[in-house]
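Report on the following structure.
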Amino acid sequence: MTAVGLERGRADHDSLLGETRTWPVVVQLARRSVVLITRLPSAFIPSVVFPVFLILAFSGSFNGLRGANAFDNAMSWYAPLAVIQGAAFVGVGAGFSANREIESGFYDRLLLAPAPTVSLLLGPALATVLRALVPLVTVMVVALLGGAAVPGGALGFATLTLAAMGTALIHAFWCLGLAYRFKSQRAAPVMQIGVFVTNFLATAQVPLHLMTGWLHSVARVNPMTNVFRLGRAGWVEDVRWENCWGGVLALAVFISLSFWFAWRGLKRMIP
Amino acid sequence: MAASTLAQTVALSRRSVVNIWRQPQVWVPSLLFPLLFAALNSAALGKVPGQLADRFGIHPFGPNDRFVDFLFVATLTQGVLFGSLSGGSELAQDIESGFFDRLVTTPVARASILVGRLAGSAALGAVQALVFIGIFFAFGARVAGGAAGALVLPVAAALLALAIGGLACAMAIRTGSVEAVQGAFPLLFITLFVSSAFFPTVLMKGWYRAVATHNPLTYMIDGMRHQVLYGFDAGQAARAVLVPGALAALAIGLCLVTLRSRLASR
Chain E
1059 MTAVGLERGR ADHDSLLGET RTWPVVVQLA RRSVVLITRL PSAFIPSVVF
1109 PVFLILAFSG SFNGLRGANA FDNAMSWYAP LAVIQGAAFV GVGAGFSANR
1159 EIESGFYDRL LLAPAPTVSL LLGPALATVL RALVPLVTVM VVALLGGAAV
1209 PGGALGFATL TLAAMGTALI HAFWCLGLAY RFKSQRAAPV MQIGVFVTNF
1259 LATAQVPLHL MTGWLHSVAR VNPMTNVFRL GRAGWVEDVR WENCWGGVLA
1309 LAVFISLSFW FAWRGLKRMI P
Chain G
2 MAASTLAQTV ALSRRSVVNI WRQPQVWVPS LLFPLLFAAL NSAALGKVPG
52 QLADRFGIHP FGPNDRFVDF LFVATLTQGV LFGSLSGGSE LAQDIESGFF
102 DRLVTTPVAR ASILVGRLAG SAALGAVQAL VFIGIFFAFG ARVAGGAAGA
152 LVLPVAAALL ALAIGGLACA MAIRTGSVEA VQGAFPLLFI TLFVSSAFFP
202 TVLMKGWYRA VATHNPLTYM IDGMRHQVLY GFDAGQAARA VLVPGALAAL
252 AIGLCLVTLR SRLASR
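Just so you know, the protein sequences line up as chains E and G, in that order. If you read the first sequence in the numbering used here, its first letter stands for residue 1059, the second for the next number, and so on. If you read the second sequence in the numbering used here, its first letter stands for residue 2, the second for the next number, and so on.
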């Protein structure tokens, strides 16, 4: 293509871009991603099955920790872990999808489309929030059927939903950022390991006072400890602001940072 | 002919072991992840035995109330379970690449194809057990059963590796797909979790406790753990060895039936 042709193409692209609004593109991209749940169930089912297994396995195996003053109700303690872990894996799924589409060449077409660039991030983000509702609701139902108590009532469900959605967004943006940089499925293990490292080096399994040595030191400063505290705020006792603000702050900071990471990666991909 | 079969088996076993050794990505994760999991769990749950002893006077984690001792066998079992899948994956890889078909067109004894693969799994299991014993010893774990008790661990580990490797090979022969063999990983994870590996069954409750108590892995793990926590006991040692031994016999039988069926359908 000549320089004049390239300039004309850019001008056409910019004029079309001026006519395209962000929100409808975001909704369509999110819709496409949600529809993929039925078209590619094998990619989504693990993010529902794994949290259900997690809550059953942890509450069953570590039920005896009640005697060690860890918690009163194992289901109530581990339900937020399973919900947040499930949401994190839904976020990782956004990175997997981006990897797949970058490798298949579909992402190049998306980048060439006259759509606002930010919609390429906000679309998967909206889809992540919608998709994260499935493991959230499933695990909550399993937990309640399994005998979980929610002393915080409706507010307890709300704080857990907030913690789960925030975590899903952090992992979605982080994994999109990785996908834009690696541009291949080789990034998948890095994306998955991120979930395990951030969650299990926090109060995922047991409260801080039961931990010893290096894990206690790490978990004390790990922001995910605050997110778990927010998620469990209404599940282990009544919701109190002092149990919530740290988590809300951690989510706000890390959503912003991960968004910035993804945005920078996306900008580098634009021709 | 017998000597020839033996020579073939030795050659294929050697190939299997060398094959695993040359691919660190196959055996390193099954060494590293259980150790990471052990480091995490011992820091997270290290206080629990002492708290239960102080509050209720019970010692479900052994007479010394040391979580690291309790975790020893769990880590070993976890590593062996996950590492043993590699034998099946390698066989599936041979089938996918066409090597298996070339092998069966040669006058090689059919059993030696399987024995060769399974020997690789068993060797990896035994070596893993020795590595874990060394690392746990370095971190202060002790085997109360002494040398006799310590010997039970690699033997049980090798038999378990044979059992899981056998099942993985049967899957490989049946499906011819590496992905299908790797798909067994979550099942192994669930089987391990719903056992006495990470927490004593006496502290569990309800249906979970019932399933964990009757899980064959629990019988094996408790037998091995007895050697570590309480001392050598012949009955418990037999339990630790016979359960994976019986599973291995079943798995090898299944493997042979699947192989015969695959060869008959050609």
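All C-beta atoms in this analysis are idealised placements derived from N, C-alpha and C, irrespective of residue type, glycine included. In this text the structure is predicted, and so the values were computed from the model without any measurement.
- About 21 Å separates the beta carbons of serine 14(G) and glycine 80(G), which is beyond the 8 Å limit, so they are not a contact pair.
- For phenylalanine 138(G), the closest of Leu36(G), Leu204(G), Leu86(G) and Ala249(G) by C-alpha to C-alpha distance is Leu36(G).
- Here DSSP, grouped into helix, strand and coil, assigns lysine 206(G) to coil.
- Where leucine 72(G) is concerned, the enclosing alpha helix (DSSP H) starts and stops at 68–98.
- Excluding residues up to 5 positions away in sequence, Val1106 and Val1110 lie with their Cβ nearer than 7 Å to the Cβ of threonine 1196(E) in the same chain.
- When Arg1189(E), Asn1301(E), Gly1118(E) and Ala1156(E) are compared, the shortest CA-CA separation from valine 212(G) is found for Gly1118(E).
- Only those residues of the segment 1134–1145 of chain E whose C-beta falls short of 8 Å from the nearest C-beta of chain G would be listed, and there are none.
- The CB of methionine 205(G) comes closer than 7 Å to the CB of Gly1118, Ser1119, Asn1121 and Gly1122 in chain E, given here in chain order.
- If you check the CB distance, glycine 63(G) and leucine 204(G) do not come in under 9 Å.
- Tyrosine 209(G) and leucine 1170(E) have their C-alpha atoms roughly 54 Å apart.
- Residue contact check for phenylalanine 1154(E) against chain G: no CB pair falls below 9 Å.
- For valine 49(G), a Cβ of chain E is located within less than 9 Å of the residue's own Cβ.
- Taken through DSSP and simplified to helix, strand or coil, glutamine 1263(E) comes out as coil.
- Between the segment 99–106 of chain G and the segment 130–146 of chain G there are fewer than three C-beta pairs closer than 8 Å, too few to call the two in contact.
- If you draw a straight line from the Cα of valine 1294(E) to the Cα of alanine 1207(E), it is about 8 Å long.
- Under the criterion of beta carbons closer than 8 Å, phenylalanine 200(G) and glycine 1122(E) qualify as touching, at roughly 6 Å.
- Tryptophan 1299(E): not part of any alpha helix (DSSP H); DSSP gives it neither H nor E.
- Per DSSP, reduced to three states, the secondary structure at proline 1109(E) is helical.
- In this structure, the beta-carbon distance from threonine 1175(E) to valine 1148(E) does not fall below 9 Å.
- Shown in chain order are the members of the segment 206–222 of chain G whose Cβ falls below 7 Å from a Cβ of chain E: Lys206 and Tyr209.
- Judged by DSSP secondary structure, proline 1182(E) falls within the alpha helix (DSSP H) whose first and last residues are 1177–1203.
- The CB of phenylalanine 73(G) never comes closer than 7 Å to any CB in chain E; the least such distance is about 17 Å.
- Taking CB atoms only, phenylalanine 1111(E) has a neighbour in chain G less than 9 Å away.
- Residues of the segment 1256–1268 of chain E with a C-beta less than 7 Å from any C-beta of chain G: Phe1258, Gln1263, Val1264 and Leu1268, listed in chain order.
- CA-CA distance, phenylalanine 34(G) to glycine 1204(E), rounds to 30 Å.
- Around leucine 1273(E), the beta-carbon contacts reaching into chain G at under 7 Å are Leu41, Ala44 and Ala45.
- Put simply, the backbone Cα of alanine 169(G) is about 28 Å away from that of phenylalanine 71(G).
- For the options Arg1278(E), Asn1127(E) and Phe1231(E), the alpha carbon positioned closest to that of valine 1150(E) is the one of Phe1231(E).
- Not flagged as an interface residue toward chain E: valine 182(G), since no C-beta distance is shorter than 9 Å.
- At a beta-carbon threshold of 7 Å, the residues of chain G lying near threonine 1270(E) are Ala44, Gly47 and Lys48, ordered along the chain.
- Look at glutamine 1143(E) here: in three-state DSSP terms it is helix.
- Straight through space, the alpha carbons of glycine 1211(E) and leucine 248(G) are spaced by roughly 48 Å.
- Valine 128(G) and threonine 192(G) have their C-alpha atoms roughly 23 Å apart.
- Contacts between leucine 53(G) and chain E, judged by CB atoms closer than 8 Å, involve Gly1122, Gly1125 and Ala1126 in chain order.
- In summary, glutamine 1086(E) is exposed, with fewer than 16 beta-carbon neighbours lying within 10 Å of its beta-carbon over all protein chains present.
- Rounded to the nearest whole angstrom, the C-alpha separation of aspartate 223(G) and alanine 12(G) is 36 Å.
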